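In this text, residue positions in the sequence shown follow our numbering: the first is 333, and each later residue adds one.
From the three backbone atoms N, C-alpha and C, an ideal C-beta is built for every residue, glycine too.
If you're wondering where the values come from, they're calculated on a predicted model, not measured in any experiment.
Structure first, commentary second.
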Amino acid sequence: MKRKISLLVTGLSFGLSLMAQSPRAYITNYGEDFISVIDVASKEKIADIKTGKNPHGAAVSPDGKTVAVSNEGDNTVSIISASDNTVQQTIAVGKTPHQLSFSMDGNYLLTAINGEHKVDVISTTDWKLSQSIPVGRNPHIVLPMPDGKSVWVTSEGDNKIVKIDLDEMKVVAEIPVFGFPRVMTATPDGKLIYLTIRWLHGVVKIDTEQNKIVSWIQLPVTEKFDNEGKAAHGLCVSPDGKSVYLTSQFTDKVYVIDAESNEIVNTIQAGKNPNWIDITPDGKIAVVSNTSSNDADIIDLSLGKSIAKIAVGKNPKRLDVSMVRD
Numbered sequence: 333m334k335r336k337i338s339l340l341v342t343g344l345s346f347g348l349s350l351m352a353q354s355p356r357a358y359i360t361n362y363g364e365d366f367i368s369v370i371d372v373a374s375k376e377k378i379a380d381i382k383t384g385k386n387p388h389g390a391a392v393s394p395d396g397k398t399v400a401v402s403n404e405g406d407n408t409v410s411i412i413s414a415s416d417n418t419v420q421q422t423i424a425v426g427k428t429p430h431q432l433s434f435s436m437d438g439n440y441l442l443t444a445i446n447g448e449h450k451v452d453v454i455s456t457t458d459w460k461l462s463q464s465i466p467v468g469r470n471p472h473i474v475l476p477m478p479d480g481k482s483v484w485v486t487s488e489g490d491n492k493i494v495k496i497d498l499d500e501m502k503v504v505a506e507i508p509v510f511g512f513p514r515v516m517t518a519t520p521d522g523k524l525i526y527l528t529i530r531w532l533h534g535v536v537k538i539d540t541e542q543n544k545i546v547s548w549i550q551l552p553v554t555e556k557f558d559n560e561g562k563a564a565h566g567l568c569v570s571p572d573g574k575s576v577y578l579t580s581q582f583t584d585k586v587y588v589i590d591a592e593s594n595e596i597v598n599t600i601q602a603g604k605n606p607n608w609i610d611i612t613p614d615g616k617i618a619v620v621s622n623t624s625s626n627d628a629d630i631i632d633l634s635l636g637k638s639i640a641k642i643a644v645g646k647n648p649k650r651l652d653v654s655m656v657r658d
């Protein structure tokens, strides 16, 4: 009888733990110095959180308890409690911080320092800057790999991506690309990286075992030309690794690509100038930030269309969709 009661209590605790988690999207509003928090399930904005100047990158810790935001305008990182949406502290980093990511074990927060050609490493045990790693000119994106052993970083000024070993905390490999690397994401097994490149309306596929580009996927040709070359931008891979989702700032659409065939299998209308995209852990819903229409689309991936459009702040850029603890 005691064992049965114990099992019931354990099951109840486990159920409550699951119930205490919900998918939320954290979206940086570059033009208004705050981030917006969206409850993905209810499709409602539930909070705006004041940050530093020109918030750019956003990342949620693996345990869902902490949100980190890089503030490009004042060279800081805001550390936010996901439970009450308050800034716990602000950390000074290098000049012009861009995208940031937690290591898979949650021990480190790594920030691409675009203006100083390095990655700043913050220890999450005391939230202090522990070291800086040179990575090449104008780093933009930090991508943690699924095995937790490394991160890849784009070097915009050197037309390459570099690999940092997290045990050695140094660059151990690099892959040259034929243009200005923008945004990248990895497959769940870490064997492939998808990378957008400035002035390419498409995406390249990189084999991380061979450390080279193995193919590229071209999106439909448009008559537009953007001097900044930011045509294809945000992208993510579905949790099952079967689909790649890519935003086009030319066409205001999300392209759905079959990962095996490299073929475009669907297009989804988004808002104006879609910047970033991320997916809920169950692979059912995507959230897209639309920089020029100041809103976010909630997309039902099974229906292949937006089911809600939510107003956020001015010039929304990066976002992270994660399960967080209420």
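In DSSP terms, what residue i is bridged to
{"i": "Tyr358", "result": "Val369, Asp652"}
{"i": "Lys427", "result": "Answer by DSSP bridge pairing: none, since Lys427 is not bridged."}
{"i": "Ala505", "result": "Lys495"}
{"i": "Phe434", "result": "Leu441"}
{"i": "Arg657", "result": "Gln353"}
{"i": "Gln550", "result": "Gly534"}
{"i": "Ile620", "result": "In the sequence under discussion, the amino acid at residue 620 is Val, which differs from the Ile named in the question. DSSP lists Ile609, Asp629 as partners of Val620."}
Among the options, nearest to residue i - alpha-carbon criterion
{"i": "Gly363", "options": "Glu376, Ile370, Lys377, Asn403", "result": "Asn403"}
{"i": "Val535", "options": "Ser462, Ile423, Asn626, Ala518", "result": "Ala518"}
{"i": "Ile507", "options": "Ile493, Ile412, Ile549", "result": "Ile493"}
{"i": "Ile412", "options": "Val399, Ser575, Ile423, Asp406", "result": "Val399"}
{"i": "Val467", "options": "Lys481, Met477, Lys460, Asn491", "result": "Asn491"}
{"i": "Asp452", "options": "Ala505, Leu432, Gly438, Asp458", "result": "Leu432"}
{"i": "Asp307", "options": "Ser410, Gly396, Pro606, Asp584", "result": "With the chain covering 333 to 658 only, the question about residue 307 has no answer from this structure."}
{"i": "Glu500", "options": "Phe582, Ser547, Pro429, Ser464", "result": "Ser464"}
{"i": "Ala444", "options": "Asn407, Ser547, Tyr526, Val509", "result": "Asn407"}
{"i": "Val509", "options": "Val503, Leu527, Ala591, Ser374", "result": "Leu527"}
{"i": "Pro476", "options": "Thr540, Ala414, Lys385, Leu461", "result": "Thr540"}
{"i": "Trp531", "options": "Leu524, Pro513, Pro613", "result": "Pro513"}
{"i": "Gly522", "options": "Ala602, Val553, Lys495, Ile617", "result": "Lys495"}
{"i": "Ile617", "options": "Met655, His388, Ala591, Ser455", "result": "Met655"}
Proximity of residue i and residue j at Cβ, strictly below 7 Å
{"i": "Ala357", "j": "Val372", "result": "yes"}
{"i": "Arg299", "j": "Gln353", "result": "Residue 299 lies beyond the range of the chain shown here (333 to 658); nothing can be said about it."}
{"i": "Lys604", "j": "Ser624", "result": "yes"}
{"i": "Ile378", "j": "Val369", "result": "yes"}
{"i": "Ile538", "j": "Ile529", "result": "no"}
{"i": "Thr360", "j": "Lys649", "result": "yes"}
{"i": "Gly566", "j": "Val619", "result": "no"}
{"i": "Val409", "j": "Val419", "result": "no"}
{"i": "Ile639", "j": "Ile600", "result": "no"}
Residues near residue i in its chain [Cβ-Cβ closer than 8 Å; skip 5 each side]
{"i": "Glu595", "result": "Ile589"}
{"i": "Gly615", "result": "Ser570, Pro571, Asp572, Leu633"}
{"i": "Gly343", "result": "Caution applies to Gly343, whose pLDDT of 47 falls short of 50 and renders its modelled position unreliable; the model cannot decide the point."}
{"i": "Asp652", "result": "Ala357, Tyr358, Ala390, Ala391, Val392, Val399, Asp610"}
{"i": "Leu498", "result": "Ser435, Tyr440, Gly480, Lys481, Ser482, Val483"}
{"i": "Thr457", "result": "Asn439"}
{"i": "Pro520", "result": "Pro478, Val569, Pro571, Asp572, Gly573"}
{"i": "Pro606", "result": "His565, Gly566, Thr579, Ser580, Gln581, Asp584, Lys585, Val586, Val620, Ser621, Asn622, Thr623, Asp629"}
{"i": "Lys646", "result": "Asn361, Tyr362, Gly363, Glu364, Asn626"}
{"i": "Gly636", "result": "Val588, Asn598, Ile600"}
{"i": "Glu376", "result": "Ile370, Ile642"}
Residues near residue i by beta carbon distance below 7 Å, same chain, minus five either side
{"i": "Asn543", "result": "Ala505, Ile507"}
{"i": "Ile417", "result": "Note that residue 417 is Asn in the sequence shown here, rather than Ile. So the qualifying residues of the chain are Val369, Ala379, Ile381."}
{"i": "Trp659", "result": "No information on residue 659 is available, as it lies outside the stretch 333 to 658 that the chain covers here."}
Same chain, Cβ closer than 6 Å to residue i, neighbours up to 5 away in sequence not counted
{"i": "His449", "result": "Arg469"}
{"i": "Ala643", "result": "Asp627"}
{"i": "Thr428", "result": "Glu404, Asn446, Gly447"}
{"i": "Gly347", "result": "Reliability of the predicted coordinates at Gly347 is poor, the pLDDT of 44 falling under 50, and the value obtained from them is presented with this limitation in mind. Nothing listed; no residue qualifies."}
{"i": "Gln550", "result": "Gly534"}
Query raised in the report: Using 8 Å as the threshold, is the region 481-491 in touch with the region 464-472, meaning 3 or more CB pairs across them?
Result: Yes: at least three Cβ pairs fall under 8 Å.
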